[in-house]
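K.L.:
Let me give you the structure first, and then I'll get to my questions.
Protein chains: 2
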Amino acid sequence: MPALNAPADAYLANCPCRSILDLLADKWSALALGALTAGPLRFGEVRTRLEGISPKVLTAVLRRLAEHGLVERTVFPEIPLRVEYALTELGRDANGPLEALRTWVEANIERFP
Amino acid sequence: MPALNAPADAYLANCPCRSILDLLADKWSALALGALTAGPLRFGEVRTRLEGISPKVLTAVLRRLAEHGLVERTVFPEIPLRVEYALTELGRDANGPLEALRTWVEANIERFP
């Protein structure tokens, strides 16, 4: 992404960080990035970890994360074909605040009405 | 919320924290809670702060945050009627990890493709 000509501010409608916040501030993005901290996983393994996600939604989440450089998709030329998903450095860093959000929710769930 | 009979785990489909993560892991929830850290605001003031949000979406976001005990809506019996939104203690606490996510995105936006 080219350098911004104004400080990044997610409150500004035209700030590029608004769409990245939209991407990351998402339950499935947070859970998918968190699952991949354990190491590269296949689609089925990610799907098992994110209980209840549909293949269609998981496909879209992984594609969006890959498009934004957070996840790397590697195809191994084997028979049958093997495809793995792994965090990039950016993905691993983005997982930090997302994991903090998830663990805050888990630790405070009983405070909610 | 009644005490859970198993440790909270957002990866489990039936864990109540899944719906709270869904609520908080949302661009507008994050921005609305962040805006209210400055103190109670009226609807129009929140809307001005969250550039680009529609009244319909903001109404739904504030209602959801209030239903979940994160925001308090106070109606002042004045003419014209005055309505203010303010963070509860739970809302102020939930803003912690959300603010960390927002500031991480703002600080790292140029690392994205």
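In the order they appear, the protein sequences are chains A and B. Count the first sequence with the working numbering and you get residues 1 to 113, in order. Count the second sequence with the working numbering and you get residues 114 to 226, in order. Each residue gets a CB set at the ideal place from its N, CA and C atoms; glycine is no exception.
So, with DSSP's three-state summary, where would you put Arg114 of chain A?
P.N.:
There is no way to answer for residue 114 of chain A, as the model of chain A reaches only from 1 to 113.
K.L.:
Give the single residue among A:Ile109, A:Pro97, A:Gly69 and A:Pro55 whose Cα lies nearest to the Cα of Gly34 of chain A.
P.N.:
Of A:Ile109, A:Pro97, A:Gly69 and A:Pro55, the residue nearest in Cα terms is A:Pro97.
K.L.:
Thinking just about the alpha-carbon of each residue, which of A:Asp9, A:Pro40 and A:Leu36 is nearest to the one in Phe76 of chain A?
P.N.:
Of the listed residues, the one whose Cα sits closest to Phe76 of chain A is A:Pro40.
K.L.:
Is Glu212 of chain B helix, strand or coil by DSSP?
P.N.:
If DSSP states are grouped into helix, strand and coil, Glu212 of chain B belongs with the helices.
K.L.:
Assign Ala145 of chain B to one of two classes, buried (16 or more other C-beta atoms within 10 Å of its C-beta) or exposed (fewer than that).
P.N.:
When all chains shown are included, Ala145 of chain B counts as buried.
K.L.:
Beta-carbon separation of Ala38 of chain A and Leu21 of chain A under 7 Å?
P.N.:
No. Outside cutoff.
K.L.:
Could you pull the DSSP bridge partners for Val83 of chain A from this structure?
P.N.:
Looking at the DSSP assignment, Val83 of chain A forms a beta bridge with A:Val75.
K.L.:
Below 7 Å CB to CB, which residues in the same chain sit around Glu212 of chain B once its five sequence neighbours on both sides are set aside?
P.N.:
Excluding positions up to five away in sequence, the list reads Gly147.
K.L.:
For Ala165 of chain B, which option in B:Arg186, B:Leu178, B:Arg177 and B:Lys140 has the closest C-alpha, if you only look at C-alpha atoms?
P.N.:
The question names Ala, yet the displayed sequence has Gly at residue 165 of chain B. When only C-alpha atoms are compared, the closest one is B:Lys140.
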